[in-house]
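Residue numbers (mature numbering (1 follows the signal peptide of the UniProt record, and there is no 0)): -24 to -1, 1 to 94.
Just so you know, even glycine gets a beta-carbon here, dropped at the ideal spot from N, CA and C.
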């Protein structure tokens, strides 16, 4: 005689383990994420820059939710682009978008001025 509670408990354990493995893999990928500055072609006149940038990220990342999580800042005045936290595979997908001109890591640069101790 089979116990329905045991079968249900086993099924629940399998589902939880699968969820844990998927979450662990996702966290491992995001541990290697970096911040990138992505320069894109300007949006058409009258198009909201933020929405345009979300659209580019959503097309590359597969969802608007993921795009909103990745987007850190939209540049609108001097350049058309955005800053986003991306894993290497996400960066590769973003770079394939036809509106993307270039993407590069957001590095800190320091200027050394002799005699200045600050």
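For my contact list, residue i and residue j are in at a C-beta cut-off of 8 Å; report their separation, rounded to the angstrom.
i	j	result
residue 32	residue 11	No, residue 32 and residue 11 are not in contact; Cβ-Cβ is about 16 Å, not under 8 Å.
When you compare only the Cα positions, how much space is there between residue i and residue j?
i	j	result
residue 68	residue 78	11 Å
residue 49	residue 21	20 Å
residue 51	residue 58	5 Å
residue 76	residue 91	41 Å
residue 30	residue 88	37 Å
residue 34	residue 19	16 Å
residue 26	residue 65	23 Å
residue 47	residue 38	14 Å
residue 2	residue 56	Note that residue 2 scores a pLDDT of 49, beneath 50, so its modelled location is shaky; the value from the coordinates is reported in the next line. Computed Cα separation, rounded: 30 Å.
With a Cβ-Cβ cutoff of 9 Å, do residue i and residue j count as a contact?
i	j	result
residue 60	residue 14	yes
residue 8	residue 36	no
residue 62	residue 70	yes
Where DSSP assigns a beta bridge to residue i, which residues make up the other side?
i	result
residue 13	59 and 80
residue 47	60
Segment contact, 8 Å Cβ cut-off, at least three pairs: the region 78 to 89 with the region 30 to 45: no
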